[in-house]
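Reading through the structure tokens given below for one structure.
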Amino acid sequence: AQTVTQSQPEMSVQEAETVTLSCTYDTSESDYYLFWYKQPPSRQMILVIRQEAYKQQNATENRFSVNFQKAAKSFSLKISDSQLGDAAMYFCAYRFYGQNFVFGPGTRLSVLP
Amino acid sequence: EPEVTQTPSHQVTQMGQEVILRCVPISNHLYFYWYRQILGQKVEFLVSFYNNEISEKSEIFDDQFSVERPDGSNFTLKIRSTKLEDSAMYFCASSQGGDNYGYTFGSGTRLTVV
Numbered sequence: 001a002q003t004v005t006q007s008q009p010e011m012s013v014q015e016a017e018t019v020t021l022s023c024t025y026d027t028s029e030s031d032y033y034l035f036w037y038k039q040p041p042s043r044q045m046i047l048v049i050r051q052e053a054y055k056q057q058n059a060t061e062n063r064f065s066v067n068f069q070k071a072a073k074s075f076s077l078k079i080s081d082s083q084l085g086d087a088a089m090y091f092c093a094y095r096f097y098g099q100n101f102v103f104g105p106g107t108r109l110s111v112l113p
Numbered sequence: 114e115p116e117v118t119q120t121p122s123h124q125v126t127q128m129g130q131e132v133i134l135r136c137v138p139i140s141n142h143l144y145f146y147w148y149r150q151i152l153g154q155k156v157e158f159l160v161s162f163y164n165n166e167i168s169e170k171s172e173i174f175d176d177q178f179s180v181e182r183p184d185g186s187n188f189t190l191k192i193r194s195t196k197l198e199d200s201a202m203y204f205c206a207s208s209q210g211g212d213n214y215g216y217t218f219g220s221g222t223r224l225t226v227v
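Sequences listed follow chains A and B, in order.
Heads up: the first sequence is residues 1 to 113, going by the working numbering.
Heads up: the second sequence is residues 114 to 227, going by the working numbering.
Below you can see the structure in the form of structure tokens.
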């Protein structure tokens, strides 16, 4: 069964600084999708970024980028120029073609002014 | 941007009562899902629904749960006899289909069983 691990239950970053959230996963599949979701205090699930495993190029969305290491089964999220509004719970998720999401346990990110 | 709408945002119910959580998926989406997040824990898959039938369900989705698409727009999750441990945030999601299309999650319904 696929599993997703986030080894950092909590992280903090100074405003305007850069922070990296870690995620590793386990799968025997070669084609799949990886996601980072943000969950603010409102508890809504907001897609931050997604990566197709067959693409070697790392996905980027404005201040958010990933470091996808397929052989190592690692998918970290880098947030540059951190803003107060980035404070939230961040979930890494895996999805194999046609199947449901498998979520990691989450990392709570605090942004310090 | 199209949204998945969930109502109510917060529901309080007595143990043993039935609850129905409602979702309006995005209109041209074909696949529908329910996920659950117990406070402080990770989001867990409950069930997926396609072509008017359940396509996959987890072990959490036991006989007390059911889903229905009663008309062309709503997608509901019914819990027949609620238990204290059913207290959680319930997320509906929909997708157009295939894996070139991402999910869209609703904003969730917080269910509190007392």
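Quick reminder that beta carbons are idealized off the backbone N, C-alpha and C, glycines included.
Keep in mind the model is a prediction, meaning the values are calculated, not measured.
Unbroken beta strand (DSSP E) run spanning B/Val125, endpoints: By one-based count along the second sequence, residue 125 of chain B stands at place 12. B/Val125 -> beta strand (DSSP E) spans His123 to Thr126.
Within chain A, the residues that B/Tyr146 reaches when beta carbons sit closer than 9 angstroms: One-based indexing of the second sequence puts residue 146 of chain B at position 33. Per Cβ cutoff of 9 angstroms: Asn100 and Phe101.
Endpoints, the beta strand (DSSP E) within which A/Arg95 is located: Working through the first sequence from its first residue, we reach residue 95 of chain A at position 95. Residues Ala88 to Phe96.
Neighbourhood of B/Met202 by C-beta distance below 6 angstroms, restricted to the same chain and skipping five residues each side: Here residue 202 of chain B refers to the residue found at position 89 of the second sequence. Taken in chain order, the residues that qualify are Gln150, Gly221 and Arg223.
Beta-carbon neighbours of B/Glu169, restricted to chain A and to distances below 7 angstroms: In the second sequence, the residue the question calls residue 169 of chain B occupies position 56. The answer, in chain order, is Asn100.
Residue-level contact to chain A via CB, B/Ser200, 8 angstroms cutoff: Here residue 200 of chain B refers to the residue found at position 87 of the second sequence. No, B/Ser200 lies away from the interface with chain A (no Cβ there is under 8 angstroms from its Cβ).
A/Asn67, enclosing beta strand (DSSP E) - first and last residue: Taking the first sequence and counting its residues from 1, one reaches residue 67 of chain A at position 67. Element bounds for A/Asn67: Phe64 to Gln69.
A/Glu15 (DSSP reduced to helix, strand or coil): Position 15 of the first sequence holds residue 15 of chain A. The answer is coil: DSSP assigns A/Glu15 none of H, G, I, E or B.
Cβ pair B/Leu197, B/Leu134 closer than 8 angstroms: Taking the second sequence and counting its residues from 1, one reaches residue 197 of chain B at position 84. Taking the second sequence and counting its residues from 1, one reaches residue 134 of chain B at position 21. Against a cut-off of 8 angstroms, the Cβ pair of B/Leu134 and B/Leu197 comes out as no contact.
Where B/Gly153 falls, given that 16 or more other Cβ within 10 Å makes a residue buried: Here residue 153 of chain B is taken as the residue at index 40 of the second sequence, counted from 1. Exposed, by the Cβ-count rule.
Proximity test, Cβ basis, 8 angstroms: A/Phe75 and chain B: Here residue 75 of chain A corresponds to residue number 75 of the first sequence, with the count starting at 1. For A/Phe75, the answer is no, since every Cβ of chain B falls outside 8 angstroms of its Cβ.
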